[in-house]
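What follows is a set of notes on a single structure, which appears directly below.
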Amino acid sequence: GTSSATVTVAAIVGALGLALIVLRRFLVAGAVVSTPDTAMVAMATYAGDRQAEATRKFGSRRGKREKPSKREVLEVGDDAADSFLALGVPGVVAEALGKAVFAQPTPIQSAAYPLIQQGGDVVLAGETGIGKTLAYLVPALQRVVENAANPEGPRYRVLIVQPNRDLCEQCTAVVQKVVNAMPEEYQVSVENLFENQWNPDCRASVLIGTASRVMNHWDKISRDVMDLVVLDEADTVLAGSFKPAKRAKYPIEQLLDQLRARIKEEQIKDPEASAGTQYLLVGATVPNSGERNVSLYMQKRWPEATWVETNNLPRPLATLDHEFV
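Below, the structure is given as structure tokens:
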């Protein structure tokens with residue numbers, strides 16, 4: 062009927078219009094189109110060019126971005142040093158550990174100590190009860206004690222971030238137990254930011270608190286740079302949505318940004334003043350399933366970190382997919 066004829070004419074006109082556009086493009090470029098075959102090639106080339114242009118502009122819909130990977134993984138075995146002295150811990154700290162009934166290092170402490178001493182970022186991942194707390198406390202206390210021997214230099218400062226108040230108190234008790242066993246002239250100042258809730262001093266060499274608690278008193282805390290930052294129970298501390306807009310509102314994200322900005326500020330003043338903040342991330346479980354998870358986040362934010370893992374580290378099923386909400 063009339064309607065079908067109209068549709069046919071419209072289709073022909075549309076096809077001719079496309080052909081004219083292609084021909085004009087190639088004629089302007091000096092190309093000669095002499096046969097129907099070369100015209101089809103020209104149309105295909107034109108379509109391909111348009112697709113390539115769209116891909117460059119908007120990105121391909123196919124494929125996924127390559128996931129970050131762990132730079133280096135050290136699996137912890139059953140071997141351990143005979144003593145902290147044999148591991149290389151100085152006498153003052155080693156003797157204090159013995160008095161505090163921590164006579165022999167565990168395998169993860171033996172494996173982690175030399176890596177942490179090198180100054181790079183380290184992830185400690187292993188089941189509960191294997192000594193991860195002392196794995197980061199021993200080198201931290203050692204550096205504070207060694208630094209205190211040079212009163213003219215800047216203080217070495219340690220910030221330990223815990224997910225909640227109870228864990229802050231538990232961590233403080235362990236640190237204080239070791240510190241109290243040291244000779245008085247070597248004792249390290251330790252402060253739990255929850256102890257003096259309304260007006261913490263924030264000047265201790267070792268500060269312990271949650272991310273939100275630290276941010277509440279950042280003006281005081283940021284007077285000096287943090288040389289070592291520990292995220293204990295990192296899988297909990299870093300958990301949440303991984304969408305940038307939401308994540309930017311988290312106290313832990315704000316804290317990490319402030320720590321980085323503080324180091325940059327110090328390096329602008331004196332490029333040789335500080336090499337930067339060392340990060341130790343500690344967890345009993347480090348979720349590594351789904352497209353967005355804590356493990357991938359850690360690998361992206363601390364790409365140069367060395368991972369120290371036990372063979373008994375809890376691992377999710379490969380087929381299990383999850384997302385924090």
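As numbered in this note's numbering, residues 62 to 386 make up the sequence shown, in order. Virtual Cβ for every residue (Gly too), placed ideally from N, Cα, C. For clarity, every value in this text was computed on a predicted model and none was experimentally measured.
- Classified as buried, Val249 has 16 or more neighbouring CB atoms from the shown chains inside 10 Å of its CB.
- Minimum Cα-Cα distance from Leu146 among the listed residues His278, Gly270, Thr367, Ser171 corresponds to Ser171.
- Its chain contains Leu254, Pro261, Cys263 as the residues whose beta carbon lies nearer than 7 Å to that of His278, once the 5 sequence neighbours on both sides are disregarded; these appear in chain order.
- The closest CA to that of Pro166, considering only Val184, Asp139, Val183, Gln179, is found on Asp139.
- Looking at the DSSP output, Gln339 shares a beta bridge with Leu289.
- By the CB criterion at 8 Å, Ile282 and Val275 fall inside the cutoff.
- The stretch 170-186 makes contact with the stretch 336-344: 3 or more CB pairs, one atom from each, lie closer than 8 Å.
- Taking the Cα positions, Gln237 is about 22 Å away from Asn211.
- The continuous beta strand (DSSP E) containing Leu135 extends over residues 133-137.
- With a beta-carbon spacing of about 19 Å, Glu252 and Ala242 fall beyond the 8 Å limit used to define contacts.
- Going by DSSP, Ile221 is part of the beta strand (DSSP E) stretching over 219-222.
- If you draw a 10 Å sphere on the C-beta of Pro332, you find fewer than 16 other C-beta atoms in it, and that means exposed.
- Residue pairing from DSSP places Thr371 in a beta bridge opposite Val137.
- Contact annotation: Ile269 and Ile221 have beta-carbon atoms nearer than 8 Å.
- A straight line joining the alpha-carbon of Ser302 with that of Asn372 spans about 29 Å.
- In chain order, Pro224 place their CB closer than 7 Å to the CB of Thr297, counting only its own chain and leaving out the 5 sequence neighbours on each side.
- Burial is judged here by how many other beta carbons sit within 10 angstroms of a residue's own beta carbon; Asn354 has at least 16 and is buried.
- A distance below 6 Å between beta-carbons, with the five flanking residues on each side excluded, links Tyr217 to the following residues of its chain, in chain order: Arg204, Val205, Asn208, Asp288.
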